[in-house]
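*Asks:* To start, I am sharing the structure in question, which I have written as structure tokens.
Number of protein chains: 2
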Amino acid sequence: MIRIALAGYGTVGQGVMDLFHKRKEAIEQRLGKQVDLPYVLVRDTSKPRDIDLQGAILTSDVRRILDDETVQIVMEATGDIDLGYRLMKEALEKKKHVITANKSVLSLHFEELSEKAREHGVYLLYEASVGGGTPLIKPLQDLSLHGEIRSLRGLLSGSCNYVLTKLREESISYEEVVEEATELGFLEADPIDDVGGFDTRRKLRILATLAFQGKTEEADISLEGITELKQEDISRLGERGYAVRLLAQAKREGQRVQASVHPVALPKASFLGAMDGAENGVEFFGENFIKVSFQGSGAGRYPTAHAMLSDLEDALFELRRKDLVAKKEPLHHEPFNEETRFYIRSAEPLTLPVEEKWGENIWLTAPIEYLQVKSMLPPGAVAIPIEK
Amino acid sequence: MIRIALAGYGTVGQGVMDLFHKRKEAIEQRLGKQVDLPYVLVRDTSKPRDIDLQGAILTSDVRRILDDETVQIVMEATGDIDLGYRLMKEALEKKKHVITANKSVLSLHFEELSEKAREHGVYLLYEASVGGGTPLIKPLQDLSLHGEIRSLRGLLSGSCNYVLTKLREESISYEEVVEEATELGFLEADPIDDVGGFDTRRKLRILATLAFQGKTEEADISLEGITELKQEDISRLGERGYAVRLLAQAKREGQRVQASVHPVALPKASFLGAMDGAENGVEFFGENFIKVSFQGSGAGRYPTAHAMLSDLEDALFELRRKDLVAKKEPLHHEPFNEETRFYIRSAEPLTLPVEEKWGENIWLTAPIEYLQVKSMLPPGAVAIPIEK
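So the sequences go chain by chain: A and B.
Under the working numbering, the very last position in the first sequence is 502; numbers go up by exactly one each time.
Under the working numbering, the very last position in the second sequence is 502; numbers go up by exactly one each time.
The following block contains the structure:
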């Protein structure tokens with residue numbers, strides 16, 4: 115008998131419970147052992163929930179899970195920074211496997227928790243933390259095994275991408291789209307975590323650390339959200355065949371790493387340019403495998419729960435490497451830079467080399483470096499790099 | 115000490131040797147065991163090769179490998195139907211793990227070889243057989259575990275896609291592109307296996323069987339290659355925003371399966387429509403995970419060798435399920451059908467419902483079923499379904 119505790123019973127937690135019971139019998143048959151989910155940890159045990167607890171005990175006492183030696187696996191879906199961290203850390207110390215969707219805690223404590231898992235010989239699995247239902251972490255761990263990844267780029271916020279897609283397809287202001295997306299539940303009540311790019315940066319911090327086998331922290335990643343963009347910018351670039359995306363990117367040359375999250379105009383007929391709506395997708399470039407890309411549902415109850423259940427099966431069947439902690443390549447972080455053409459909207463005159471005038475206050479620059487544009491941009495102006 | 119025999123020393127085999135020796139030390143360090151590759155099986159031992167044998171014995175005697183009890187893993191990269199089959203079958207019977215890139219043998223003997231592996235408790239791994247360097251088989255095995263895949267579609271021939279992309283981008287005839295691609299080594303001297311869709315069908319046979327957990331054979335898959343297409347068809351659809359692709363698709367409803375390989379016009383700004391050049395990509399649709407897509411290098415020495423090495427590490431570290439044979443869901447196969455608009459080129463008058471005339475002898479039909487179009491098409495006419 116293997117006993118699992120589930121922490122958190124919101125959107126994702128309830129999805130985990132539902133899928134767990136749908137698949138329980140098939141898992142037990144293949145495993146030759148019973149698998150049970152006796153505890154659900156919540157903050158408020160009196161709140162009503164959609165999904166039946168199937169006999170599990172609802173508790174708000176974290177000790178009940180941590181001190182129960184028969185609980186071998188903790189599935190963490192609280193979304194809570196403090197509780198999530200304390201729970202995962204102590205669970206690993208008590209030799210319980212941990213499966214989490216909590217990207218905030220991972221971003222803050224990735225190396226420490228990975229090291230705890232290694233030290234105590236248990237799994238720390240987090241497929242659901244980046245890309246929701248997209249199988250991303252597991253193939254990335256395989257791809258990065260021999261240090262062959264040179265760069266990666268991706269769209270990691272389904273909600274940002276939803277906003278940007280709407281702005282291109284409809285005559286609607288940025289403010290209206292954000293309001294609509296918030297009402298539909300695509301954005302949080304305070305949307306700045308998404309549209310400011312903070313959520314994307316957290317995920318890039320995890321992906322880049324795995325990809326380059328050394329620590330890349332949030333502070334190492336330059337950040338610019340989509341809050342300064344106007345419908346006009348996006349539709350003008352749209353007319354010329356470009357889709358504006360909040361692109362997360364990181365590249366490595368030797369021990370030098372550049373990582374950034376900022377809006378980029380990509381050709382519509384490209385992998386990431388064609389990716390409309392709320393999906394997530396990432397491209398990895400490297401030696402030998404050359405290039406591989408993954409795309410899928412970035413969020414939602416069932417895609418995220420599906421990813422946590424995949425991790426659960428890997429833990430039950432011991433199908434993952436335990437020696438794969440975030441490695442310790444000594445990396446040197448530089449400001450992100452790249453030469454490309456820029457779309458510029460500016461009420462003030464430009465001192466940048468201009469190639470074309472696209473309209474009132476709108477220009478296309480000659481190829482120029484990102485850092486140079488940033489330093490020479492008049493106040494209030496917007497600059498969007500355009501990829502060929 | 116774990117001993118590996120490599121069968122085949124052509125493009126892929128030499129890539130395997132090269133990567134194996136580049137990664138050997140890192141693998142041994144993690145595994146805590148020595149790993150050696152003492153034999154290379156070839157047809158002609160006198161032929162010169164690019165890549166150094168690193169002390170391995172070159173032999174044309176298959177018994178040398180099969181009868182050596184110290185050989186625990188066979189990596190098969192012969193591309194030969196008869197030898198490949200005999201070697202893999204007997205290796206599995208002798209409890210050796212088998213890693214193969216040989217889609218022809220898998221397509222012919224998938225169930226038998228899978229069953230042999232299960233029976234003898236060893237691995238049969240074939241990541242390199244479909245999609246070259248794209249991690250596809252391993253995530254597909256995970257996704258299909260609970261019978262949740264409803265449909266899949268993909269581009270599985272890099273060479274066909276190269277030909278179709280060239281035809282759209284350049285004013286060049288089908289015959290000229292095929293000749294050029296053959297000279298560049300993208301197509302075999304006799305290109306019919308690729309452009310006739312036979313190679314794609316073999317790969318779809320493997321993917322569909324895994325996805326739906328029951329046998330789908332080549333004979334169950336309707337087939338139409340790209341040989342009847344003209345530059346004119348592709349450029350006219352290109353002007354209207356479509357990319358013509360040789361699409362492999364399969365869908366399941368209950369126990370009923372429809373599978374097909376035929377040219378389809380896809381919007382350029384879609385995952386598969388944007389996929390120009392020699393890449394491979396597949397989309398899977400299903401319950402819970404909703405949709406996931408994978409894309410990567412479909413062929414080439416190092417991408418394919420990389421996939422075989424990934425399988426090798428999974429076998430060495432026992433990171434794959436052994437109970438995953440092609441399952442035995444009793445499936446019923448129907449002719450592929452779907453309602454959509456069609457691009458028609460025909461010198462004869464049409465009896466199909468026409469929506470627009472696009473030019474001399476070129477029409478766009480109203481939405482109509484695939485099987486109906488096929489039955490009513492005048493001789494010599496070409497029909498390409500158009501996806502929204």
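By construction, the Cβ of each residue, glycine as well, lies at the ideal position given by its N, Cα and C atoms.
#1: Could you confirm whether any beta carbon from chain B is found closer than 7 Å to the beta carbon of ASP425/A?
#2: Report the start-end ranges of each beta strand (DSSP E) in the segment 313-372 of chain B that is 3 residues or longer and not cut off at the edges.
#3: Using only alpha-carbon positions, find the residue among ILE404/A, GLY414/A and SER424/A that is nearest to GLY247/B.
#4: Along the segment 405-417 of chain B, what residues have a CB closer than 8 Å to any CB found in chain A?
#5: Terminal residues of the continuous beta strand (DSSP E) containing THR184/B?
#6: Using the rule of at least 16 other Cβ atoms within 10 Å of the residue's Cβ for burial, across every protein chain shown, is THR341/A buried or exposed?
#7: State the Cα-Cα distance for the pair GLY328/B and ARG177/B, rounded to the nearest angstrom.
#8: Indicate the three-state DSSP secondary structure (helix, strand or coil) for ARG282/A in the structure shown.
#9: Is DSSP giving MET189/B helix, strand or coil here?
#10: Using 10 angstroms around the beta-carbon of PRO481/A, count the other beta-carbons present and answer buried if the total reaches 16, otherwise exposed.
#11: DSSP three-state label for ARG264/A, please.
#12: DSSP three-state call for THR465/A: helix, strand or coil?
#13: By a C-beta neighbour count over all protein chains shown, 10 Å radius and 16 as the cutoff for buried, is ASP175/B buried or exposed?
#14: I'd like to know whether the C-beta of HIS211/B is nearer than 7 Å to at least one C-beta of chain A.
#15: Starting from ALA295/A, find everything on chain B with Cβ-Cβ shorter than 8 Å and list it in chain order.
#16: Look at the alpha carbon of ARG200/A and the alpha carbon of GLU190/A, and state the distance between them as a whole number of angstroms.
#17: If we define contact as Cβ-Cβ less than 7 Å, is ASN394/A a contact residue for chain B?
#18: Select from PHE312/B, LYS442/B and LEU172/B the residue whose C-alpha is nearest the C-alpha of ARG157/B.
#19: For the beta strand (DSSP E) that contains VAL309/B, what are its first and last residues?
#20: Is the segment 358-365 of chain A close to the segment 265-284 of chain A, with three or more CB pairs under 8 Å?
#21: Buried or exposed for GLN186/A, please, with buried defined as at least 16 other CB atoms from any protein chain shown within 10 angstroms of its CB.
#22: Would you check if the distance between the CB atom of ARG319/B and the CB atom of GLU338/B is smaller than 7 Å?
#23: I'd like to check one pair, VAL212/A with VAL188/A: are the Cβ atoms closer than 7 Å?
#24: To the nearest whole angstrom, what separates the beta carbons of ILE335/B and ALA373/B, a pair I think is in contact under 8 Å?
#25: State the beta-bridge partners of ILE141/B as determined by DSSP.
#26: Closest to TYR237/B by C-alpha separation, out of THR214/B, ASP347/B and SER221/B, would be which residue?
#27: Tell me the rounded alpha-carbon separation between PRO253/B and PRO249/A.
#28: What residues in the segment 249-275 of chain A have a beta carbon less than 9 Å from any beta carbon of chain B?
#29: Three or more beta-carbon pairs under 8 Å between the segment 300-310 of chain B and the segment 443-452 of chain B, yes or no?
#30: Using the beta-carbon of each residue, which ones in chain A are nearer than 7 Å to ALA140/B?
#31: For ASP132/A, which of LEU155/A, ASP164/A and ALA140/A has the nearest alpha-carbon?
#32: If you compare alpha carbons, which of LEU259/A, ARG316/A and HIS234/A is closest to GLU427/B?
#33: Under a Cβ-count criterion, where at least 16 other Cβ atoms within 10 Å of its own Cβ denotes burial, should PRO381/B be classed as buried or exposed?
#34: Is there at least one Cβ from chain A nearer than 7 Å to SER228/B's Cβ?
#35: Expressed to the nearest angstrom, what Euclidean distance is found between the alpha-carbon atoms of LEU324/A and PHE399/A?
#36: Report yes if the C-beta distance between LEU351/A and ALA379/A is below 7 Å; otherwise report no.
*Replies:* The short version:
#1: no
#2: 335-337 and 356-367
#3: It is ILE404/A.
#4: LYS405, VAL406, SER407, PHE408, GLN409, GLY410, SER411, GLY414, TYR416 and PRO417
#5: THR184/B -> no beta strand (DSSP E), and no H or E assigned at all.
#6: Label assigned to THR341/A: exposed.
#7: 34 Å
#8: helix
#9: strand
#10: exposed
#11: Per DSSP, reduced to three states, the secondary structure at ARG264/A is strand.
#12: coil
#13: Exposed, since its Cβ has fewer than 16 Cβ neighbours within 10 Å.
#14: Contacts with chain A at 7 Å (Cβ-Cβ) do not include HIS211/B.
#15: Within 8 Å Cβ-Cβ: nothing; ALA295/A doesn't reach chain B, min ~19 Å.
#16: 11 Å
#17: no
#18: Out of PHE312/B, LYS442/B and LEU172/B, LEU172/B has the C-alpha closest to the C-alpha of ARG157/B.
#19: Note, VAL309/B: premise wrong, no beta strand (DSSP E); alpha helix (DSSP H) at 306-309.
#20: yes
#21: GLN186/A comes out buried.
#22: no
#23: yes
#24: 4 Å
#25: ILE141/B pairs with nothing; no bridge assigned.
#26: Closest option to TYR237/B, Cα to Cα, is THR214/B.
#27: As the crow flies, the alpha-carbon of PRO253/B is around 7 Å from that of PRO249/A.
#28: PRO249, LYS252, PRO253, ASP256, LEU257, LEU259, HIS260, GLY261 and GLU262
#29: no
#30: HIS260
#31: ASP164/A
#32: LEU259/A
#33: buried
#34: no
#35: 14 Å
#36: yes
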